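Since the structure comes first, as structure tokens, the remarks are kept for the end.
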Amino acid sequence: MFKILYSSMLKGDIADFYLGMIKSAIEKSGHECRLVSGMDDIEKTDIVVTTTVLDALKVIVLKRARFINWYQGIIPEESYLRHKSRVREKIYDILESLTLKYSSLNIFVSHSMLEHYRNKYGYKRDNYFILPCFSTNINRESFMHPAKYSNHIYAYVGGLSKWQCIDTILKVYKIIEEECAEARLKIFTEEIDRAEALAKETGLKSYSIKYVKNDDLPNELTGVKYGFLLREHSPINYVATPTKMSVYMSNGIIPIMSDAIGDFNKAFKDIQNKIIINIEDDCGKTAKSIIEFDNTEVNPEDILNEYEKVFNTYYCREQYENNLNELLLNTFVKK
361 MFKILYSSML KGDIADFYLG MIKSAIEKSG HECRLVSGMD DIEKTDIVVT TTVLDALKVI
421 VLKRARFINW YQGIIPEESY LRHKSRVREK IYDILESLTL KYSSLNIFVS HSMLEHYRNK
481 YGYKRDNYFI LPCFSTNINR ESFMHPAKYS NHIYAYVGGL SKWQCIDTIL KVYKIIEEEC
541 AEARLKIFTE EIDRAEALAK ETGLKSYSIK YVKNDDLPNE LTGVKYGFLL REHSPINYVA
601 TPTKMSVYMS NGIIPIMSDA IGDFNKAFKD IQNKIIINIE DDCGKTAKSI IEFDNTEVNP
661 EDILNEYEKV FNTYYCREQY ENNLNELLLN TFVKK
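Numbering of the sequence shown is given in our numbering, commencing with residue 361 and proceeding in unit increments.
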């Protein structure tokens, strides 16, 4: 039996959507799949889906069961960014390399992540599947919302960590609202108090802050025209595929993005309705480029056609489930 070992470290709505795709692909292959929360629920004969390298190690050592690991990020580098400890980083290096070595199948969030592991660990196996992070299907009604593309409403969805460039986003928006009296920023985050403090510190005037569940976001985003997704250049960001991009595009929101995310540069290179900024530019220059784009007329039908192609390919849930189903059959059944 397949079992998904659900880690308490996972974020609810988004993780549920992503793991739901994996579970659906397993069930399409004709196998039963259960969500479990602890090692006591796992037998040696099970095939386990793990979501952290620590859980993968437990499965290797305690159960000696076959397993599939989902890599959400490059953990050693992320650990050092948080704790500034080379010892912790080295420990995670070892855990990550062992997971790559002993897993039956590796699920990476990007081709850039695969490239990273090839270069860092000499990973040469072909037992991998690329599944970018996304958490929604396209919402066509949002594209046709009255005045959506004639208003000046901006949104930011997500956490407030330094690496998410929230300070830069707020400073850029501050300049925009000084130039455009109709501008408004909607911030959706769990960290409401901290977001309020940052907004006041930046001197913002026209903004709102709230938290809503993933399922309720489409209703909140229907009238929004732009969405911020800025990242600095680093290996962590290069291999990532932030979920908020799918949230923005599924609701017809034009992304304001930096070029620090490797796979996005390739996946969205032909998209016309996007704003790419250089994160190293000063905030004034960035705001100016956004305002210049905002002064051009956009066609809702053109945006829908562009973004719909993305959801028929790069963000196509059915396609990923079918391809993963075939790979699972080849990996665990036909051999």
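Note that CB positions come from ideal geometry on N, CA and C, so glycine has one too.
Computed from a predicted model, the values in this text were never measured in an experiment.
Straight-line gap, Ser470 to Cys493 (C-alpha atoms, nearest Å): Stepping through the sequence shown from its first residue, residue 470 is reached at position 110. Stepping through the sequence shown from its first residue, residue 493 is reached at position 133. Each residue's Cα considered, the two are about 9 Å apart.
Outcome for His476 when other beta-carbon atoms lying within 10 angstroms are tallied against a minimum of 16: In the sequence shown, the residue the question calls residue 476 occupies position 116. Buried, since its Cβ has 16 or more Cβ neighbours within 10 Å.
Coil, strand or helix - Gly644 by DSSP: For this step, residue 644 is matched to residue 284 along the sequence shown. It is helical.
N- and C-terminal bounds of the alpha helix (DSSP H) containing Pro506: Counting from 1 along the sequence shown, the entry for residue 506 is found at position 146. First-last for Pro506: undefined, no H or E at that position.
CB of Thr562 within 8 Å of CB of Leu530, strictly: What you label residue 562 is simply residue 202 of the sequence shown in a count that begins at 1. What you label residue 530 is simply residue 170 of the sequence shown in a count that begins at 1. Yes, they are a contact pair.
Cutoff 8 Å; reference Val396; Cβ partners in own chain excluding five residues on either side: Taking the first residue of the sequence shown as 1, we reach residue 396 at position 36. Here the set comprises Lys363, Ile364, Leu365, Tyr366 and Ile402.
Same chain, Cβ closer than 6 Å to Ala559, neighbours up to 5 away in sequence not counted: Taking the sequence shown and counting its residues from 1, one reaches residue 559 at position 199. Cβ neighbours of Ala559 beyond the five flanking positions: Tyr567.
Residue environment, Met609, which counts as buried when at least 16 other CB atoms sit within 10 Å: Position 249 of the sequence shown holds residue 609. By the neighbour-count rule (16 or more Cβ atoms within 10 Å), Met609 is buried.
Glu666 to Asn633 span [Cα, whole Å]: Reading the sequence shown from its first residue, position 306 is the one you call residue 666. Reading the sequence shown from its first residue, position 273 is the one you call residue 633. One Cα belongs to Glu666, the other to Asn633, and the distance between them is close to 8 Å.
First through last residue of the alpha helix (DSSP H) which encompasses Pro436: As a working mapping, residue 436 is identified with position 76 in the sequence shown. Ile435 to His443 is the span of the alpha helix (DSSP H), which, as asked, contains Pro436.
heavy atom of the ligand ADP below 7 Å from Thr582 C-beta: No copy of the ligand ADP appears in this structure; indeed no ligand is present at all.
Cα-Cα separation between Lys388 and Pro602, rounded to whole angstroms: Along the sequence shown, one-based indexing puts residue 388 at 28. Along the sequence shown, one-based indexing puts residue 602 at 242. Roughly 27 Å between the two C-alpha positions.
Leu422 classed as buried or exposed, judged by whether at least 16 other C-beta atoms fall within 10 angstroms: The count along the sequence shown starts at 1 and reaches residue 422 at position 62. Burial call: exposed.
Test item: CB-CB of Phe489 and Leu455 under 8 Å: Numbered from 1 along the sequence shown, position 129 holds the residue referred to as residue 489. Numbered from 1 along the sequence shown, position 95 holds the residue referred to as residue 455. Judged by their CB atoms, Phe489 and Leu455 are not nearer to each other than the 8 Å cut-off.
Local conformation of Tyr674 per DSSP, three classes: Position 314 of the sequence shown, counting from 1, holds the residue named residue 674. It is coil, neither helix nor strand.
C-beta contact flag for Leu684 and Ile451 at 8 Å: In the sequence shown, the residue the question calls residue 684 occupies position 324. In the sequence shown, the residue the question calls residue 451 occupies position 91. Not in contact: Leu684 and Ile451 (Cβ atoms no closer than 8 Å).
Which listed residue (Phe624, Ala425, Glu652 and Ile596) has its alpha carbon closest to that of Lys522: Residue mapping note: residue 522 aligns to position 162 of the sequence shown, counting from 1. Looking at the Cα atoms, Ile596 is the closest of the given residues.
CB contact flag (Ile428, Val599, <8 Å): Residue 428 sits at position 68 when you count from the first residue of the sequence shown. Residue 599 sits at position 239 when you count from the first residue of the sequence shown. Taking the C-beta atoms as reference points, Val599 is found no nearer than 8 Å to Ile428.
CB contact flag (Thr646, Val517, <8 Å): Sequence index remark: in the sequence shown, residue 646 carries index 286 (1-based). Sequence index remark: in the sequence shown, residue 517 carries index 157 (1-based). Result no, Cβ atoms of Thr646 and Val517 do not sit closer than 8 Å.
C-beta atoms of Ala543 and Tyr571 nearer than 8 Å: Translated into positions along the sequence shown, residue 543 becomes position 183. Translated into positions along the sequence shown, residue 571 becomes position 211. Not a contact, by the Cβ cut-off of 8 Å.
Integer Cβ distance of Glu592 from Cys643, believed to fall under 8 Å: Position 232 of the sequence shown holds residue 592. Position 283 of the sequence shown holds residue 643. That pair is no contact at about 14 Å.
C-alpha distance - Ala557 paired with Glu550, whole-angstrom precision: Within the sequence shown, residue 557 is the residue found at index 197, counting from 1. Within the sequence shown, residue 550 is the residue found at index 190, counting from 1. Ala557 and Glu550: Cα-Cα distance of roughly 14 Å.
Three-state class that DSSP yields for Arg424 in the structure shown: Here residue 424 is taken as the residue at index 64 of the sequence shown, counted from 1. If DSSP states are grouped into helix, strand and coil, Arg424 belongs with coil.
Cβ neighbours of Asp654 in the same chain (closer than 7 Å, five flanking residues each side left out): By one-based count along the sequence shown, residue 654 stands at place 294. Around Asp654: His512.
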